[in-house]
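Asks: Numbering follows numbering that gives the first Met the number 0, in which position 326 of the sequence shown is assigned residue number 325; successive positions increment by one, without gaps.
Cβ coordinates follow ideal geometry from the N, Cα and C atoms, glycine included.
All of these numbers come straight from a predicted model, not from anything done at the bench.
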Amino acid sequence: MNEYDAIVIGTGSGMIIAERLLRENPDARIAVIDKDMAGGICLTRGCIPSKLVISPVEVLYDLEKLSDVIHAEVKGVDFRKIMKRMRKKIDSESRMIERSLIEFERIDYFKSPARFVSPYTLEVDGKSIRSEKIFIGSGSRPMVPEIDGLTESGYLTSDTILYLEDMPESMVIIGGGYIAIEYGNFFARAGCDVKIVEMLPRILSGEEPEISMAVHQELSEHAEIYTSHRVVKVESDGGIKRVHAESRDGRRIFEGEEILVAVGRESNSDILMPENAGIETDERGWIEVDEFLETSLRGVYAIGDANGKHMFRHVANREAIVAYMNAFHNAGIRMDYSAIPHAVFCQPEVASVGMKEEEAVRKHGKENILIGFEEMKSTGKGQGLNLSGFAKIIVHRESGKILGAHIVGKAASILIQEVTTVMSLNAPYHSILQAIHIHPALGEVVSWACGNLMRVDEYHKMIERVFQLSSQA
Ligand SMILES: Cc1cc2nc3c(=O)[nH]c(=O)nc-3n(C[C@H](O)[C@H](O)[C@H](O)COP(=O)(O)OP(=O)(O)OC[C@H]3O[C@@H](n4cnc5c(N)ncnc54)[C@H](O)[C@@H]3O)c2cc1C
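1) Please report the straight-line C-alpha distance between A113 and E131, rounded to a whole angstrom.
2) Can you give me the start and stop residues for the alpha helix (DSSP H) that N306 sits inside?
3) On the three-pair Cβ rule with 8 Å, is the region 347–357 touching the region 429–443?
4) Closest to R312 by C-alpha separation, out of F253, E417, I286, A342, would be which residue?
5) Please go through the same chain and pick out, in chain order, the residues whose beta-carbon is closer than 6 Å to the beta-carbon of E374, but skip the five residues on each side of it.
6) Taking 7 Å as the cut-off, is the C-beta of P112 nearer than that to any heavy atom in ligand 1?
7) Since V242 sits in a beta bridge, which residues does DSSP pair it with?
8) Can you tell me whether G303 sits near ligand 1, meaning its C-beta is under 7 Å from at least one heavy atom of the ligand?
9) Tell me the rounded alpha-carbon separation between G45 and N425.
10) Quick test of your reading: S127 and P141, contact by CB under 8 Å. State the CB separation rounded to the nearest angstrom.
11) Quick check on DSSP: helix, strand or coil for D33?
12) Quick check on this structure: which residue in V233, E97, L203, Y182 has the alpha carbon closest to the alpha carbon of H221?
13) At a threshold of 7 Å, does H313 count as lining ligand 1 (C-beta to nearest heavy atom)?
14) Taking the beta strand (DSSP E) that D107 belongs to, which residues open and close that run?
15) Take A326 as the anchor and find which of N1, V7, E2 has the nearest alpha-carbon.
16) Quick one, which of G442, G307, M198, I224 has its alpha-carbon nearest T280's?
17) If you pair each beta-carbon of the region 82–90 with each one of the region 210–219, do three or more pairs fall below 8 Å?
18) Can you tell me whether L468 is buried or exposed? The criterion is at least 16 other CB atoms within 10 Å of its CB, across all chains shown.
19) State whether the region 149–166 contacts the region 279–299, with contact taken as three or more CB pairs (one from each stretch) at a distance under 8 Å.
20) Suppose you measure from the CA of A189 to the CA of M324; what does that come to, to the nearest Å?
21) So, with DSSP's three-state summary, where would you put I172?
22) Report the start-end ranges of each beta strand (DSSP E) in the region 371–435 that is 3 residues or longer and not cut off at the edges.
23) Determine whether the beta carbon atoms of V444 and S377 lie at a separation below 8 Å.
24) Going by Cα to Cα distance, which pick from V116, G9, D456, S152 is closest to G371?
25) Quick one, which of V418, E274, V196 has its alpha-carbon nearest I339's?
26) Just to confirm my understanding: we take V58, look at its own chain, exclude 5 residues before and 5 after, and list those with CB closer than 6 Å. What are they?
27) Once the 5 residues before and after R247 are set aside, which same chain residues still bring their CB inside 8 Å of it?
28) Give me the Cα-Cα distance between E254 and I239, rounded to the nearest whole angstrom.
29) So, for E358: in the same chain, excluding its five sequence neighbours on each side, which residues have a beta-carbon less than 6 Å away from its beta-carbon?
30) Kindly examine ligand 1 and report whether one of its heavy atoms sits closer than 7 Å to the Cβ of D33.
31) Ligand 1 and F344: does the residue's C-beta get closer than 7 Å to at least one heavy atom of that ligand?
32) Check this for me: beta carbons of L42 and E92, under 8 Å apart or not?
33) When you compare the region 142–152 with the region 30–37, are there three or more beta-carbon pairs, one atom per stretch, that lie closer than 8 Å?
34) Using a 10 Å radius around the Cβ and a threshold of 16 neighbouring Cβ atoms, would you call D304 buried or exposed?
35) Within the present structure, is the beta-carbon of L296 separated from the nearest heavy atom of ligand 1 by less than 7 Å?
36) Considering only residues of the same chain and omitting the five flanking positions on each side of I133, which have a CB-CB separation below 6 Å?
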């Protein structure tokens with residue numbers, strides 16, 4: 000049996016732990032395990048490859064917005080080149096990580112599936128390995144629902160889509176969450192005939208309703224979007240796949256050359272078998288942790304997607320540091336999820352941090368909430384670029400603390416950062432108003448929203464008018 004100072008499962012955020020430990024204790028012996036390409040999901044199947052693929056169409060969106068003043072002719076999107084560029088970058092970075100894992104003499108790197116066999120002991124590559132400090136960063140994988148005929152007909156997931164050589168002429172996307180919308184937006188704008196079929200009443204159902212609506216409005220100019228449609232059956236006939244979906248109005252059939260299934264993520268616990276070590280999971284297999292990220296087995300921590308909390312790489316990175324500090328320095332740091340930002344990289348872009356309105360009202364009462372609002376087109380830069388979108392800031396009336404912020408429109412993922420910083424510092428919204436913002440930059444949309452607070456009911460009347468006007472435009 001090989002004994003280690005630490006065992007790290009997953010080469011994504013888990014690598015932060017291995018690096019930190021070796022920096023502080025160069026004599027430490029660490030086992031690092033990953034059954035897939037080194038670098039984890041973010042580098043090899045998630046954030047990075049998806050953004051390398053989808054980002055170029057943002058330029059098309061900008062041109063579309065400015066079509067009355069810039070008469071550009073786009074000859075096409077070179078899908079093959081985009082995919083080749085993506086694969087080259089990912090392969091080289093993953094190989095670099097793999098080489099460093101192999102060459103580092105204090106690390107034993109196992110490129111195989113591991114499973115717990117008893118508390119503190121795992122089996123990998125036919126060997127038993129043991130440590131009193133284990134970090135589970137086993138990530139997640141695409142969830143594939145049981146749909147009649149789906150397997151036989153063939154489908155893509157966010158993993159396998161990365162192997163496409165040529166752009167399909169048409170695609171049916173099952174799901175309307177952020178992965179479905181990011182890829183749907185890309186393919187639709189790049190010239191593929193896209194149909195998005197979502198079971199819930201709206202796409203991006205994790206976002207504020209008005210944000211979903213803003214994306215729906217603009218994306219539906221390029222893709223067909225069907226909400227409240229449940230896929231019940233898939234058939235394939237030669238090169239064409241047929242997706243049968245049911246709604247209140249009956250059954251519809253959507254045809255496409257490819258089907259992308261993007262309905263969520265599931266746990267890898269069935270491979271890791273934490274139950275053999277007495278490590279508790281919830282009913283979906285996500286590993287249960289306390290606020291210090293420790294599992295039910297002392298000294299064993301679960302970080303990133305594995306704990307099923309906020310499945311983003313930036314969260315996993317922070318959790319890795321918190322788990323490391325708690326495990327090796329007894330730091331007693333509680334993981335704080337109150338100001339976790341995220342973005343959806345479609346056009347218009349979406350970004351959000353903290354509470355949604357419904358949660359804020361539920362927790363604090365409607366009378367204690369104020370909502371700030373401003374449109375992108377109010378700023379000089381927004382007018383110059385003919386931008387749509389807005390910022391919504393939710394504030395606690397008495398304390399002035401920002402409870403949440405939601406932005407849709409160009410550069411939303413950048414604009415949200417100012418609010419995130421203020422929230423992380425636990426500072427009130429006045430601090431944004433106090434800071435001088437560059438005029439007439441897009442950043443003004445955040446400060447003006449903070450200066451334009453209103454009661455919840457007033458906000459709803461106003462947002463209705465905004466949508467009526469934009470649908471008439
Ligand atoms: C298409 C897509 C786009 C995304 N875009 C973004 C984005 O823009 N921004 C963002 O923040 N997040 C994004 N994410 C999410 C992000 O990729 C994940 O949250 C992050 O990579 C999780 O990191 P991790 O450290 O938990 O797991 P990782 O270390 O990245 O992955 C876990 C690794 O462990 C391996 N493993 C699992 N079980 C075992 C086992 N028993 N034995 C051996 N190895 C095992 C897995 O195969 C995997 O390689 C995206 C995800 C997808 C799929």
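Replies: This is what the structure holds:
1) 16 Å
2) Here N306 belongs to no alpha helix (DSSP H), and DSSP marks it neither H nor E.
3) no
4) Closest option to R312, Cα to Cα, is A342.
5) Same-chain partners within the cutoff: F389.
6) yes
7) Paired residue(s): V233, F253.
8) yes
9) 31 Å
10) Not really, about 31 Å apart at Cβ, beyond 8 Å.
11) Residue state, collapsed to three classes: coil.
12) Y182
13) yes
14) 106–109
15) V7
16) G307
17) no
18) exposed
19) no
20) A189 and M324: Cα-Cα distance of roughly 45 Å.
21) strand
22) Taken in chain order, the whole beta strand (DSSP E) runs of length 3 or more contained in the region 371–435 are 389–395, 401–407.
23) yes
24) D456
25) Considering only V418, E274, V196, the residue with the shortest C-alpha distance to I339 is V418.
26) none
27) S227
28) 7 Å
29) none
30) Indeed, a heavy atom of ligand 1 lies less than 7 Å from the Cβ.
31) yes
32) yes
33) no
34) buried
35) no
36) I6, V299
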